[in-house]
Amino acid sequence: SAVISQKPSRDICQRGTSLTIQCQVDSQVTMMFWYRQQPGQSLTLIATANQGSEATYESGFVIDKFPISRPNLTFSTLTVSNMSPEDSSIYLCSVEVPGTDTQYFGPGTRLTVL
Amino acid sequence: AQSVTQLDSHVSVSEGTPVLLRCNYSSSYSPSLFWYVQHPNKGLQLLLKYTSAATLVKGINGFEAEFKKSETSFHLTKPSAHMSDAAEYFCVVSVFRRGSNYKLTFGKGTLLTVNP
Chain W
1 SAVISQKPSR DICQRGTSLT IQCQVDSQVT MMFWYRQQPG QSLTLIATAN
51 QGSEATYESG FVIDKFPISR PNLTFSTLTV SNMSPEDSSI YLCSVEVPGT
101 DTQYFGPGTR LTVL
Chain V
1 AQSVTQLDSH VSVSEGTPVL LRCNYSSSYS PSLFWYVQHP NKGLQLLLKY
51 TSAATLVKGI NGFEAEFKKS ETSFHLTKPS AHMSDAAEYF CVVSVFRRGS
101 NYKLTFGKGT LLTVNP
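Protein sequences appear in the order of chains W and V.
First residue of the first sequence? That's 1 in our numbering, and the numbers climb one at a time after it.
First residue of the second sequence? That's 1 in our numbering, and the numbers climb one at a time after it.
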């Protein structure tokens, strides 16, 4: 299994600001994913990030609000832009085991927007 | 459309007693099914995965799940609960998408409480 780290682990931000979350993997992977887990809820996929191409966003999520970078095979960032209290959630990245539909998850970033 | 339904939002057991977390799925083809666990303030950990090789799947920490196609179920069990099993459990189905590869669809989760 892959070892995945995320920074920051948690943050408290003011509305109207932006936060960039980093996801680092200990091995090269093609597919990385970003999820949101709102308080008391299950996980919802935000977007899929392939190295060397634009991220693919799910319905209800747009690039202007959640821009994603994927500069290489071990790293990705998710930015939460122009934040509001409704963006308070846990944001998790995951990676796909190559050639399978199995994903391993990072520890998550707990975001609180005041 | 593929989906999963976790039948219980909260299950409470005593330490040393069996655990049963129920999950039904809906899929037009043979799906991949997973159980993940999320401990408080932690990320998700893969417990086990079903991929049609065997209907009874053994996972980590003594958990296992049985795939029953006739009942469209994938229930998670453990013979004897431990205090450290207290966590949120998610049943997940892999959904194939045309023009893409797949997407994981999560159930709403079952909170397992273990009483001493």
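Note that beta-carbon positions come from the ideal geometry of N, C-alpha and C, so glycine has one too.
Treat the numbers as computed from the prediction; the structure is a model and nothing was measured.
Taking a 10 Å sphere around the C-beta of residue 54(V), we find fewer than 16 other C-beta atoms and assign the residue as exposed. Taking C-beta atoms as the reference points, residue 79(W) and residue 67(W) count as a pair closer than 8 angstroms.
Taking residue 12(W) as the centre and dropping the five residues before and after it, the same chain places the C-beta of 112 and 114 closer than 7 angstroms to its C-beta, in chain order. Against residue 101(W), the close residues of chain V are 32, 94, 101, 102 and 104, in the order they occur along the chain (beta-carbon pairs closer than 8 angstroms). Taking C-alpha positions only, residue 65(W) is separated from residue 83(V) by approximately 41 angstroms. With distances taken between CA atoms, residue 60(W) lies nearest to 36(W) out of 30(W), 36(W), 3(W) and 101(W).
Shown in chain order are the members of the stretch 44-57 of chain W whose Cβ falls below 9 angstroms from a Cβ of chain V: 44, 45, 48 and 56. For residue 70(W), the enclosing beta strand (DSSP E) begins and ends at 68-72. For residue 59(V), the nearest beta carbon of chain W is not closer than 8 angstroms to its own beta carbon. With a beta-carbon spacing of about 12 angstroms, residue 21(V) and residue 36(V) fall beyond the 8 angstroms limit used to define contacts.
Ranked by Cα distance from residue 11(V), the first of 93(V), 60(V), 89(V) and 27(V) is 89(V).
Counting only the Cα atoms, residue 5(W) lies some 24 angstroms from residue 109(V). Straight across, the Cα-Cα distance linking residue 16(W) with residue 89(W) is about 16 angstroms.
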